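Protein chains in written order, with my numbering: chain A, 262 to 812; chain B, 55 to 363.
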């Protein structure tokens, strides 16, 4: 049994570190253990295979469990439905041992065949799962999903007996054990789905799930109620007796609800009030601090349309990139503790940290270099520069940032840049069609590995949307996907990151944080059973089974 | 009268069909589709999604499919909420919007008509200026100012005795009070002005002079004799106003976190959820037509000069 060295190291560290977080407080009796969470929006659907949004994932991650679970703080893979697993020497084959006592919430036994059926279902073209590409690391998955092959049994997942699941991958995928904790790869109840048409199986009266909770109520736009699933293998860990998730969309309404004591955790904090909260926290360090802004695995950046002048010239792109003061934006405009970004991949993603390859502040030297580049490109002092605009989706925050950047370019390069905002869908459409010169963008990572960021910009990648193409870059990404050794793989990815930051089809600006308000009463229980302070994780995954309310 | 009503009801059907047709084509003019997202979807998957919702067929074919379902009362599946059909979304939310609407309307009428009567009883005096100035405030202050203001005073903010109400939600019966007031204030202002105007018009009539000459108290004159005729402008206003209030105010519903229909009205357009948009528009159109009919019938009872025979 080859348990990853990283996991072993982590478990040892956490054993000692958890002592640092341990607190003592009185846990409320079970009848008072009802948690109220602000969830941002009404879920579109609760089918793990087709769901795409974050509010949906908050619910689905508690209704279902995959082969692996995740540690609530570090997001390291831990045993889930699979109690153990082995990996082949070449990293391409995994054998998962499914727990003997794994059950659905209706008592029916959960077997390896359930996983086979569920993954085949997620890949079936008729299911139309938008996240099916997360399974493309499995052998023949992409071919089946794009109808190049018709036999679903050719997909590299098979059951060996009741409790063994054999998975064959196209390449050694170091983050595969994190993918098995991603909702598209969750098991779904075949017996329920085949009984009800369409999405009706996700109605509270029909739904069967295998996670720590089951769906008790679903009132549209009002709330979703989850109650503990007694058939969950680890149900003893769950302390809360019910959880209500409220789809409150307006930030100020959500904040009011929190302040009046009716929410234990909000989804967001009103943007305009963030500086106020930050100031209040600093002025009284020992008082109760509901506001927190934890690092979030996402990057805010600008795209250049490299297919047309002036941004088809890398010198122009570099000049523009050098003269954005990333530190200023993070400190003075967004002000929620964001870190200015010198690379596209947020530092620390899956342990991968590239040194800053772009300036975080704008110095005189940067301005001089930028002006020289612009001059070499034929626009000395900004003269003759064509009219370009920054496109962003309607939002106060994006506007403030765009206005600041517009000023920076005017001051440092002498270039006049326009701004225009479009409604979300119109903006997406324009970006996809490359109908822009500069566009605001963001990317939230799907899993804690640099690949989720760097593989966006391969030639003709669906998420590229800049028109940029670099064969060396493509080659490096391909090569990295085949490397087993993490150190070697990260060296390859660093080369790719360097190319990206050299050619700059995109300009990173800052790494996201997730501002939230958390009630003092809400604490957590780590996986060893110890009571700890509420701690967030970089993917903002909701771990209700680790939550508890104290006096 | 009955013939009149039947003729009107039959006349509604072509109107609804025309509205459905125009809306169907107009909403598809906006760029962007229901399944656009910031994550790239593989072409084949997008093709499958579009096929599921008939979006791959030519637009005329889609139209006839939609129409065919419409006459059977099936408004189709929601493009955005895969879990619900439009019928279900409307069924589970219209009741809430209706209750909120009725309460707002009731509040608006009570306050508005009383203010109108008070104003009209002694025109161009303080008794007139004060209510009318307050009503001007009601028209000018938008609901997203009044709403949070009320929340601050009566739910959570000043920590005074008044923290009786909830900040929002729809769990308690008393949760209807603050949103109804926020929503109804603007309408009550209009009603007050219209009532005042209508009453002043009637008060000049000869038969009112007769009533006064007969020695009736001012109260009886105002309420029993002038009100019926004076309320005609209010009644005309009520038709579209009631429909608008019933469909729920998007702003009030989001401020007070009420799970009504109004939220979907705006959100569905932003989401390009074509079927839900159609459903909302058709519901609003039906309400408008029905209320206008009711208003016309009310006219026959209020004004003896009006007759539909």
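Even for Gly, the Cβ is constructed at its ideal location relative to N, Cα and C. These numbers were taken from a predicted model, which means no experiment stands behind them.
Cβ of residue i within 9 Å of any chain A Cβ
i: residue 98 of chain B; result: yes
i: residue 102 of chain B; result: yes
i: residue 345 of chain B; result: no
i: residue 134 of chain B; result: yes
i: residue 106 of chain B; result: yes
i: residue 131 of chain B; result: yes
i: residue 220 of chain B; result: yes
i: residue 326 of chain B; result: yes
i: residue 84 of chain B; result: yes
i: residue 209 of chain B; result: yes
i: residue 91 of chain B; result: yes
i: residue 94 of chain B; result: yes
Cβ separation of residue i and residue j, assumed to be a contact under 8 Å, to the nearest whole Å
i: residue 427 of chain A; j: residue 356 of chain A; result: 5 Å
i: residue 442 of chain A; j: residue 621 of chain A; result: About 33 Å; that fails the 8 Å criterion.
i: residue 773 of chain A; j: residue 560 of chain A; result: 7 Å
i: residue 204 of chain B; j: residue 236 of chain B; result: 6 Å
i: residue 446 of chain A; j: residue 380 of chain A; result: 7 Å
i: residue 329 of chain A; j: residue 321 of chain A; result: Their Cβ separation, rounded to whole angstroms, is 15 Å, which puts residue 329 of chain A and residue 321 of chain A out of contact at 8 Å.
i: residue 770 of chain A; j: residue 665 of chain A; result: So it is not a contact: roughly 10 Å between Cβ atoms.
i: residue 382 of chain A; j: residue 310 of chain A; result: 6 Å
i: residue 493 of chain A; j: residue 295 of chain A; result: With 8 Å as the limit, residue 493 of chain A and residue 295 of chain A do not qualify as a contact, their Cβ atoms being about 19 Å apart.
Spatial distance of residue i from residue j (CA atoms)
i: residue 786 of chain A; j: residue 807 of chain A; result: 5 Å
i: residue 564 of chain A; j: residue 699 of chain A; result: 6 Å
i: residue 262 of chain A; j: residue 103 of chain B; result: At residue 262 of chain A the pLDDT is 41, less than 50, meaning the model places this residue with poor confidence; the figure from the coordinates comes in the next sentence. Their Cα atoms are separated by approximately 42 Å.
i: residue 319 of chain B; j: residue 90 of chain B; result: 19 Å
i: residue 324 of chain B; j: residue 82 of chain B; result: 12 Å
i: residue 790 of chain A; j: residue 451 of chain A; result: 33 Å
i: residue 254 of chain B; j: residue 289 of chain B; result: 16 Å
i: residue 558 of chain A; j: residue 409 of chain A; result: 34 Å
i: residue 584 of chain A; j: residue 554 of chain A; result: 27 Å
i: residue 97 of chain B; j: residue 406 of chain A; result: 11 Å
i: residue 648 of chain A; j: residue 570 of chain A; result: 10 Å
i: residue 265 of chain A; j: residue 431 of chain A; result: Interpretation of residue 265 of chain A is limited by its pLDDT of 48, a score under 50 that renders its predicted location unreliable; the figure taken from the coordinates is listed afterwards. Their backbone Cα atoms lie some 20 Å apart in a straight line.
i: residue 176 of chain B; j: residue 74 of chain B; result: 49 Å
i: residue 250 of chain B; j: residue 360 of chain B; result: 22 Å
i: residue 748 of chain A; j: residue 143 of chain B; result: 52 Å
i: residue 291 of chain B; j: residue 245 of chain B; result: 8 Å
i: residue 784 of chain A; j: residue 811 of chain A; result: 7 Å
is_contact[residue i, chain B] using C-beta, thresh 9 Å
i: residue 294 of chain A; result: no
i: residue 529 of chain A; result: no
i: residue 727 of chain A; result: no
i: residue 681 of chain A; result: no
i: residue 628 of chain A; result: no
i: residue 304 of chain A; result: yes
i: residue 464 of chain A; result: yes
i: residue 265 of chain A; result: Caution applies to residue 265 of chain A, whose pLDDT of 48 falls short of 50 and renders its modelled position unreliable; the model cannot decide the point.
i: residue 677 of chain A; result: no
i: residue 450 of chain A; result: no
i: residue 702 of chain A; result: yes
i: residue 340 of chain A; result: no
Ordered list of beta strand (DSSP E) runs contained in the region 191 to 241 of chain B, each at least 3 residues | none
Within the region 700 to 784 of chain A, note down every full alpha helix (DSSP H) run reaching 4 residues or more, in order along the chain.
-> 712 to 715, 732 to 741 and 747 to 764
Which residue spans inside the region 523 to 563 of chain A form an unbroken alpha helix (DSSP H) run of at least 4?
-> 535 to 544
Unbroken stretches of the beta strand (DSSP E), 3 residues or longer, contained in the region 642 to 683 of chain A = If one requires a minimum length of 3 residues, the beta strand (DSSP E) runs lying completely within the region 642 to 683 of chain A are 649 to 654 and 678 to 683, in chain order.
Chain B contacts made by the region 559 to 581 of chain A, where a contact means CB separation under 8 Å = Within the region 559 to 581 of chain A, contact with chain B at the beta-carbon level (separation under 8 Å) is assigned to no residue.
Unbroken beta strand (DSSP E) runs of length 3 or more, entirely within the region 76 to 148 of chain B: which are they?
-> none
Can you give me, in chain order, the residues of the region 302 to 321 of chain B that have a beta carbon less than 9 Å from any beta carbon in chain A?
-> Residues of the region 302 to 321 of chain B with a C-beta atom less than 9 Å from some C-beta of chain A are 307, 308, 309, 310, 311, 312, 313, 314, 317, 318 and 321, listed in chain order.
Output, in sequence order along the chain, the residues in the region 143 to 161 of chain B whose CB is closer than 7 Å to any CB in chain A.
-> For the region 143 to 161 of chain B, which is checked against every Cβ of chain A, the residues closer than 7 Å are 143, 146 and 147.
Which ranges would you report for the alpha helix (DSSP H) in the region 312 to 385 of chain A if only whole runs of at least 4 residues count?
-> 315 to 324 and 373 to 384
Note down, in chain order, all residues in the region 495 to 525 of chain A with a beta-carbon under 7 Å from any beta-carbon belonging to chain B.
-> 509, 510, 511, 514, 517, 518, 520, 521 and 523
Check each residue of the region 435 to 446 of chain A: if its Cβ is closer than 8 Å to any Cβ of chain B, include it; give the result in chain order.
-> none
Near-chain B residues of the region 776 to 800 of chain A - C-beta to any C-beta below 8 Å = Per Cβ criterion, the list is empty.
Short-range partners of chain A found in the region 269 to 291 of chain B, where Cβ spacing is below 7 Å = none
Can you list, in chain order, the residues of the region 408 to 435 of chain A whose Cβ is nearer than 9 Å to any Cβ on chain B?
-> Per Cβ criterion, the list reads 408.
At a Cβ cut of 7 Å, what residues of the region 730 to 744 of chain A count as close to chain B, listed as they run along the chain?
-> none
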